[in-house]
Structures are given as C-alpha cells and as structure tokens.
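First comes the structure, then the notes that go with it.
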Amino acid sequence: MSTLRHAFHLYSNRTEERIEDDTLAVKYEDGRWSKPYYDCGGGNIWMLTYTVPFFGYENGSYHFKGTSGIDIDLRRVDIDQCPQRHTPGTKRPLNIFAGTDKCKQRTTMCEAIMGLGFRRGSYKCLCRKGFYFPDVVAQHKFFNGSLLEEEYEKLMLGKNSTYNSNTEYECLPCAEGCDSCEDASPCIAALNWPMRTSIVALACIVIGLLPPAAWFTFRYQQVKVSKSDQQLCLARKYNYYTDCCACSCSCSCPCSKCLPTCHLAVQLFKVAETTFLLLLFCKSAGQDWVELK
C-alpha cells in the first residue's frame with residue numbers, strides 16, 4: 001500500500017526553491033513485472049518491463065494519473081529452466097522459468113548452462129545416479145537441452161517427434177548391484193549357465209559309471225592285482241597336481257567378476273581327477289580280466 005510521506009516539490013530548475021508538501025510514495029510492491037515479450041518492430045529483442053503507478057493531487061485528494069515503466073533488455077540474461085533446489089535457511093529466489101526443462105525426469109536431471117543468454121534450452125540433461133548414458137563412447141555424456149526443446153515443440157505442433165519415444169533421451173539402468181556405472185558391465189558375480197550345465201552333465205556321467213565300477217570291484221574282489229601299486233602312485237601324483245592348480249586358480253582370482261569362473265575351473269579339475277582315476281581303474285580291471293582269463 002502507498003503511504004504519505006513528507007517531501008519537497010521542485011517547480012523550477014532553481015534548487016533553492018522548494019515547497020514542502022506531502023506526497024504519495026510508491027513502494028516496490030506497488031509495481032508490476034510484465035512477462036517476457038518480444039518487441040516486434042522496436043528493438044526486435046526480448047524485453048521485460050517493470051511498471052509503477054504515479055498519482056496527481058487535486059482538490060485535497062490524490063488520484064491516479066498514469067504509469068511509468070522501465071524496459072529491461074533480456075539478451076544478456078540467462079534463463080534457468082531447471083527445478084529450483086531450495087537450501088534450508090535461505091530465501092528462494094524468484095525464477096518464473098524454474099521447472100520448465102524437458103528432461104526425462106525418471107532417468108535424467110537438469111543442469112543449467114550459464115552464459116548462453118536469453119534462450120530456451122540452456123541446460124543439459126545428465127543421467128541420474130544408477131543410470132548410464134546409452135552411447136558409452138560419446139565424449140559428452142548428456143542430452144542437449146536445445147534438441148529436447150525442438151523435439152518437444154514438434155510434438156506440441158503435431159509434427160513427427162522423437163520426444164515421446166521410450167528409447168530416446170533416456171539413460172539406461174545400471175546392472176544389478178551397481179550404485180553408479182558407465183556401461184552395462186556387471187558389478188556382482190554372474191552365473192555362466194552353459195559352463196555350469198556342461199560340468200553338471202559330465203559329473204552325472206561319471207557318477208553314472210560308478211555303480212558298474214563298484215559292482216565290478218565287488219564281483220572280482222578276490223582277484224590279485226600285480227600292478228596296482230604303480231597305478232596308485234600315478235593317481236596320487238595326478239591328484240596332487242590338480243589340487244595345486246585348483247588352489248592357484250582360487251588364490252589368483254580375488255575379484256567378484258572372475259570368481260565364478262575360478263570356481264568352475266576348480267570343479268573341472270575335480271571332475272577330471274575323478275575321470276582319470278576311473279580310467280586307471282578300468283585299465284587295471286581290464287588287465288586283471290585278461291590275466292583272469
């Protein structure tokens with residue numbers, strides 16, 4: 001609200017001639033800011049106008065006489081379209097453009113680019129935490145705000161636009177267990193199902209051959225074997241080598257990515273050991289079978 005203040009009227013250029021009078025003072029809150037507009041035919045620039053009223057005094061009362069405005073050139077004024085981040089304990093500045101960015105809020109966030117002047121799209125869309133930029137070899141890993149503004153305008157005009165595409169201007173989620181990433185590389189151990197299936201199949205075959213071998217051993221347990229000591233020594237030596245290889249593989253792969261492969265390698269060593277012992281047994285049994293005949 002305007003209030004009366006004691007001041008002086010100057011009726012001439014001679015500063016010594018002053019007449020005391022009460023005047024109606026106008027505060028900042030009494031003025032109005034216009035919305036940004038393009039001054040066609042004038043300066044052909046974007047402008048903003050601040051207007052305040054002024055009053056006349058006649059017959060002992062004040063009455064409205066007109067307005068006075070100030071035009072502000074906006075060409076050098078940066079636009080911040082990103083959402084305002086309010087810090088507790090501080091006053092939030094007035095920004096009529098806040099929150100008008102076109103970033104896909106689910107996977108990206110807006111970051112203003114200063115120094116571009118009064119133009120829309122002066123921001124970049126960065127990937128949020130837990131997402132990565134689709135083009136992993138790109139030098140600049142963000143989406144250009146100007147491009148998003150153009151595509152959004154096409155969408156509003158009913159033209160062909162890629163803005164509504166689910167695969168455009170969106171960052172991709174990181175692999176399971178990753179807080180942040182630069183590509184789709186896993187952060188936790190991934191199971192190698194083809195190799196695991198092969199090992200299980202081989203183990204089943206070996207296990208399937210054990211009952212016939214056990215029956216053969218029980219059936220001919222009274223037969224004396226003359227060369228068993230030599231083959232047993234060879235089997236123990238092979239068992240020692242396979243255990244050493246398995247231990248070396250486990251100790252040399254501390255990382256989470258190669259640990260499953262090392263475990264599979266250990267299992268392969270064990271299966272190979274069992275198969276070798278079974279072959280030695282079959283060879284010995286065959287020789288004994290020939291001697292028995």
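Just so you know, we're using full-length UniProt numbering here: the sequence shown kicks off at 1 and counts up by one. Note that beta-carbon positions come from the ideal geometry of N, C-alpha and C, so glycine has one too.
Rank the options by C-alpha distance to the C-alpha of residue i and give the top, closest one.
i, options, result
"Trp33", "Phe55, Ile96, His63", "Ile96"
"Tyr132", "Leu202, Thr107, Cys187, Gln81", "Thr107"
"Asp80", "Gly66, Ala98, Ile72", "Ala98"
"Cys181", "Thr90, Thr87, Asp135, Val26", "Asp135"
"Val137", "Leu172, Leu116, Lys159, Asp183", "Asp183"
"Ala25", "Pro212, Pro53, Pro173, Gly42", "Pro53"
"Ser68", "Pro36, Tyr28, Gly41", "Tyr28"
"Ser185", "Ile207, Arg219, Cys174, Thr167", "Cys174"
Considering only residues of the same chain and omitting the five flanking positions on each side of residue i, which have a CB-CB separation below 6 Å?
i, result
"Ile70", "Tyr50"
"Lys104", "Tyr169, Glu170"
"Arg85", "none"
"Asp179", "none"
"Tyr62", "Leu24, Phe55"
Do residue i and residue j have their C-beta atoms within less than 9 Å of each other?
i, j, result
"Ser161", "Glu176", "no"
"Tyr38", "Met47", "yes"
"Gly115", "Asp78", "yes"
"Leu155", "Asn164", "yes"
"Arg75", "Ile45", "yes"
For residue i, which residues from the same chain have a beta carbon less than 8 Å from its beta carbon, with the 5 sequence-adjacent residues on both sides left out?
i, result
"Ile113", "Ser122, Tyr123, Lys124, Gly145"
"Thr197", "none"
"Glu149", "Lys102, Arg120, Gly121"
"Gly66", "Pro53, Phe54"
Only counting the same chain, and skipping five residues up and downstream in sequence, which positions put a Cβ closer than 7 Å to that of residue i?
i, result
"Asp101", "Gln81, Cys82, Cys110, Tyr123, Gly145"
"Phe64", "Pro53, Phe55"
"Pro88", "none"
"Gly60", "none"
Is there at least one Cβ from chain C nearer than 9 Å to residue i's Cβ?
i, result
"Pro93", "In the structure shown, chain C does not exist; there is a single protein chain."
> Which ranges does the alpha helix (DSSP H) cover as unbroken runs of at least 4 residues, wholly within the region 106-138, from first to last along the chain?
Replying inline: Runs found: none.
> Would you say the region 140-148 touches the region 122-131, given that touching needs at least three Cβ pairs under 8 Å?
Replying inline: Cβ pair count under 8 Å is three or more, so yes.
> What alpha helix (DSSP H) runs, 4 residues minimum, are completely inside the region 143-174?
Replying inline: DSSP runs (the alpha helix (DSSP H)) wholly in the region 143-174: 145-156.
>> Across the region 144-155 and the region 117-124, are there enough close Cβ pairs to call them in contact, namely three or more that are closer than 8 Å?
In response: For the pair of segments examined, the region 144-155 was found to touch the region 117-124: the number of CB pairs separated by less than 8 Å reaches three.
> Considering only residues of the region 23-84, which uninterrupted beta strand (DSSP E) runs meet the minimum length of 3 residues and lie entirely inside it, listed in chain order?
Replying inline: Runs of the beta strand (DSSP E) inside the region 23-84: 46-58, 61-73.
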